[in-house]
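Structure record follows, encoded as structure tokens.
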Amino acid sequence: MKLLKHFLVSVILVCTVSLSRADEGMWLPQLLAQLNERQMKGMGMKITAADIYNINKASLKDAIVSFGGFCTGEVISGKGLVLTNHHCGFDAIQNHSTLERNYIRDGFWAANNAEEIPNPGLFVTFIVRIDDVSKQVLAGVSSNMSESERQSLIDKNIAEVRKNVKKESYQDNFVRAFFEGNRYYLFVTETYRDIRLVGAPPSSIGNFGKDTDNWMWPRHTGDFSLFRIYAGKDNKPAEYAKDNVPYTPKRSLSISLDGVSEGDFTMVFGFPGRTMQYLHSAAVNQIMTLNDPAKIAIREKALAVIDGFMRRDEKIKIQYAAKYAGIQNSYKKWQGEVMGLSSTNAVEKKQAYEAEFQKRVNANPQWKSKYGSLLQDLGGLYSELKPYGYARDYFTEIVGRIELFTVASQLNALVAAWDKDGEKGYQQRLPQAKRAIENVFDEYNVTVDQRLFEALMKLYLDDQEDVFISPLFKKMAGEPADVVSASQNVYSELTADPENYINGILSKSPADAVELLRKTTAVYLYNDLLKTYQSQAQGRLNDIQSKINRFQRQYMEAQMEVFKEKTFYPDAISTLRVTYGNVKGYNPRDAVTYDPFTWLDGIMEKYQPGDYEFDVPEKLRSLYAGKDYGQYGINGKMPVCFIARNHTTGGNSGSPALDAWGNLVGLNFDRVWEGTMSDINYDPSICRNIMVDIRYILFIIDKYAGAGHLVKEMNLVRPKGKKPVK
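Using our numbering, you'd call the opening residue of the sequence shown number 296 and step up by one each time.
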């Protein structure tokens, strides 16, 4: 492969250096033809880079959407049907669920368009095109600028770029920094805001295995849900209206009934959230030994409290299901991250990479003058950051987890608005505060929240340096500390119905409301917690982080200059990317080997009648007993999930897994536990992404749910030519 200048360079480094492998990387789709196409074809891809990304005609990119800004989805029919994960659609499913109509427990399937349910606030965004605007954005930027001066000029240049971009009136655009601010790309987008729930399996299928199986392999979860995009009569984006019509896409994905075999090429197309592949070894060490363990300990306490209530009360179970899943997801991910970083010697590998970097820099006088002390400077800054980063994690994980403090933060903002601009400022802020408070109380139980307060604020007191602890809370807790008594002081004031209590205050005149809010213990305490964090940690943290950002940008630039034989891909930042690899099992530890496929047999082996995590619906058991799989089974078995070496992360949830021809073969929803550290240190020996086999999804839709009308919308194909589609 020819060497490419600057960012576009490729081959393998010496063994002491982090490798750019065939199955590593989150690649910009507009650069595939230049960087990756030859390699992808060598791994088995049958289509071209232009079939994946093209601005002159419909391509695969036109079937991929950012789902709500937090997941990925894909269009799978000519009538705007969108497939994403069950956990991506869970909030919508939960919002429509009640004790009498429990879609979480029982599932939901619309028999026709009229039964599809609107979801206010939910949207999908298509990427129209991606342009390199680095030259325009970095115009006038110099190395002797301060960080604030540099960012101010960049912001001004970005505003000018966005103002002058060629686009349709119904389109939008944004600019994002890549390679730590060394390059910039502009994205032209189309956003549709009338998104309706079409179908979702019961949680016993869509979240089978729940907490125990989360992040684990082998996996047997049918993690999918279906939505539909609606548009105006002109097929353009439109706000919700009854007479909107199903969207006609530029491109929808064909669906393969042939599946994949071990070694087959696969590609995942989506919006990965955040990776940090180019960190200094000191940063990786802090994550592994300090920050992750702190957050794990806090979330473990929170989960124990919520789980205890959910197991005893069905109403609380519905209220807190999404919150619990969100807390548990990161909790278990961080556990796997620590284990993976440790077992793959991530810090040592980073140090070896840095040693090679320093060796090359020292051997080149020009590089030595520019980059000679770069690694040392970065390492020193991370040492300074350590206590403040720990305080940040404690504040965000504890104060941010107690929902009364979320409410108090909105009330505190009202007081601040009054102090700044009087009644005018208060009235301007009031609608936003009311909406945020209403969202909290929609799924809130005061007893659960008080128990969370007691469990988490004890950690806040016990596990931090004294300087980072609120003086007011220390006084409230007393000596010796009594967190339970402090919680009663805070919560008793709000009565058993805090929503009505707070709404009563907000119904008063601004002057009277502010006077009462200043005296409300929860607001008073939150304000002191916030001020303590801001004065003792946040300011210093931001100052150090600003310096780290500057040095990290230089380090990124230096790596690409020093290691010219290495292909660099930018870290994920929730923008459209392509990752590719092959279907492959793995060996997580001594004497353990995992196959790359799971089957319906495994669900029945895990089946525990009435169990919260492993119950199986009677109809699914009946279909299994009769081997009634229709055209979706293979040799008398029903495939469920598979794994491959595709480099994915959060945000890739709901991303399509595509075969060599670009057909949909699976739905990405997770990574294996041993490989969750791939955000920081991708290691091909244990990093695998987990996908639901599309045939299992179709089987559930058609045979289990009886929603065959949805399958009829789809284009089913057999690219391997095994037998015709029925």
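Backbone N, C-alpha and C fix where the C-beta goes; we use that ideal spot for every residue, glycine too.
Straight across, the Cα-Cα distance linking Asn-408 with Arg-523 is about 9 Å.
In the DSSP assignment, Asn-624 falls within the unbroken alpha helix (DSSP H) covering 609-638.
When the beta-carbon positions are compared, Pro-934 and Leu-548 stay at least 8 Å from each other.
The distance from the Cβ of Glu-692 to that of Lys-627 is about 15 Å, inconsistent with a contact at the 8 Å cut-off.
In this structure, Ile-412 sits near His-391, with a CB-CB distance shorter than 8 Å. According to the DSSP assignment, Pro-951 belongs to the beta strand (DSSP E) that extends over 951-953.
Straight across, the Cα-Cα distance linking Gly-720 with Val-809 is about 12 Å.
In this structure, DSSP gives Arg-424 an extended state, which the three-state scheme calls strand. Here Lys-922 is exposed. Its C-beta has fewer than 16 other C-beta atoms within 10 Å. Nearest to Ile-898 by C-alpha distance, out of Lys-596, Glu-649, Pro-544 and Arg-514, is Arg-514. Within the segment 980-1011, the runs of alpha helix (DSSP H) that reach at least 4 residues and sit entirely inside it are, in chain order, 989-994 and 1003-1008. Our two residues, Pro-496 and Glu-908, have alpha carbons roughly 15 Å apart in a direct line. Looking at the DSSP output, Thr-893 bridges to Cys-936. Nearest neighbour of Trp-404 by Cα position, chosen from Gly-1016, Leu-1011 and Ala-1002, turns out to be Ala-1002. Shortest Cα-Cα distance from Asp-506 to any of Leu-417, Gly-773, Arg-445 and Asp-602 involves Asp-602.
For Phe-385, the enclosing alpha helix (DSSP H) covers residues 381-390. Rounded to the nearest angstrom, the Cβ distance from Phe-768 to Leu-820 is 6 Å, consistent with a contact under 8 Å.
Pairwise C-beta distances place the segment 958-978 out of contact with the segment 456-468, as fewer than three of them are shorter than 8 Å. Of the candidates Ser-443, Pro-775 and Ser-429, Ser-429 places its Cα closest to the Cα of Gly-476.
Close CB contacts of Gly-667 within its chain, under the 8 Å cut and outside five residues either way in sequence, are with Val-656 and Asn-657 (chain order).
Note on Ala-712: 16 or more other CB atoms within 10 angstroms of its CB, so buried under the neighbour-count rule. Residues Gly-970 and Ser-973 of the same chain have their beta carbon placed closer than 6 Å to that of Cys-982, with the five preceding and five following residues left out of the count. Between Phe-652 and Gln-446, the gap from beta carbon to beta carbon reaches 8 Å or more. Taking one beta carbon from each stretch, the segment 872-885 and the segment 549-563 have 3 or more pairs nearer than 8 Å; the two touch. The bridge partners DSSP lists for Gly-494 are Trp-404 and Leu-521.
If you look at Ala-472, you'll find it isn't in any alpha helix (DSSP H); it sits in the beta strand (DSSP E) that goes 467-473. For the segment 322-379, the continuous beta strand (DSSP E) assignments of 3+ residues that do not extend past its boundaries occur at 359-362, 366-370 and 376-379, in sequence order. Using a 10 angstroms sphere on the CB of Pro-726, the tally of other CB atoms stays under 16, which defines it as exposed.
For the pair Leu-812 and Asp-714, the Cα-to-Cα distance works out to about 13 Å. Residue environment analysis places Ser-441 among the exposed positions, since fewer than 16 neighbouring C-beta atoms fall within 10 angstroms of its C-beta. In terms of Cβ geometry, Leu-552 and Arg-835 do not form a close pair [threshold 8 Å].
The C-beta of Thr-393 has fewer than 16 other C-beta atoms within 10 Å across all chains shown, which makes the residue exposed.
Across the set Gln-646, Val-741 and Ser-704, the C-alpha of Ser-704 shows the shortest separation from the C-alpha of Ala-728. When only Cα atoms are considered, His-942 and Ala-387 end up about 28 Å apart.
With respect to Thr-484, Gly-373 sits apart: the two C-beta atoms are not nearer than 8 Å.
Exclusion of the five residues before and after Asp-744 leaves Ile-697, Glu-698 and Leu-699 as the residues of its chain whose Cβ lies within less than 7 Å of its Cβ.
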